[in-house]
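Residue numbers (the UniProt record's numbering): 1 to 163.
For each residue, glycine too, the CB sits at the ideal point set by N, CA and C.
Just so you know, these numbers come straight off a predicted model, no measurement behind them.
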């Protein structure tokens with residue numbers, strides 16, 4: 001059986017079209033393969049290997065970072081505890097202790113930590129003398145009676161405002 005020249009031309013054109021489509025598909029597959037290799041290079045790093053070894057290395061790196069983060073969290077918790085025990089809340093109340101004195105030279109200062117532990121310092125200024133008193137504060141209370149000015153300073157220190 002002999003094929004006519006027209007049929008041979010159609011077959012040749014079809015073969016050429018299939019060849020072009022095949023080349024385009026091969027080019028696209030090559031491009032996608034190169035992109036995939038690039039992604040794996042990022043994952044693998046400098047030491048390429050099989051997927052299992054790459055995942056093992058990544059898992060070990062994550063474990064190391066988790067240990068480091070846990071240590072940092074413990075450090076931060078310890079620092080928060082230390083800061084909460086520092087005398088950081090301060091308030092001062094100035095007043096005239098005696099009616100004949102002006103200038104509000106007497107004062108009561110409360111200095112406490114987050115738990116309400118600390119002290120109240122009071123300085124009473126008179127014409128010829130000045131006296132200073134310190135009263136301990138535990139849990140926001142004193143075992144010694146506080147003056148109204150000392151109570152005001154302690155309340156202001158707890159609330160975080162200057163009296």
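Per the C-alpha coordinates, the member of 149, 6 and 105 positioned closest to residue 129 is 105. By the CB criterion at 8 Å, residue 112 and residue 157 fall inside the cutoff. In the displayed model, residue 115 falls within coil according to three-state DSSP, outside both helix and strand. No Cβ-Cβ contact shorter than 8 Å links residue 86 with residue 120. Boundaries of the alpha helix (DSSP H) harbouring residue 68: 51-84, taken from the DSSP string. In this structure, residue 97 sits near residue 126, with a CB-CB distance shorter than 8 Å. When 39, 23, 81 and 99 are compared, the shortest CA-CA separation from residue 115 is found for 81.
With fewer than 16 other CB atoms across the displayed protein chains lying within 10 angstroms of its CB, residue 84 is exposed. Here residue 4 is exposed: its Cβ has fewer than 16 other Cβ atoms, across all protein chains shown, within 10 Å. Residue range 89-95 is occupied by the beta strand (DSSP E) that includes residue 91. Residue 118 is positioned such that its CB atom lies closer than 8 Å to that of residue 137. Excluding five sequence positions before and after residue 21, none of the CB atoms of its chain fall closer than 7 Å to its own CB.
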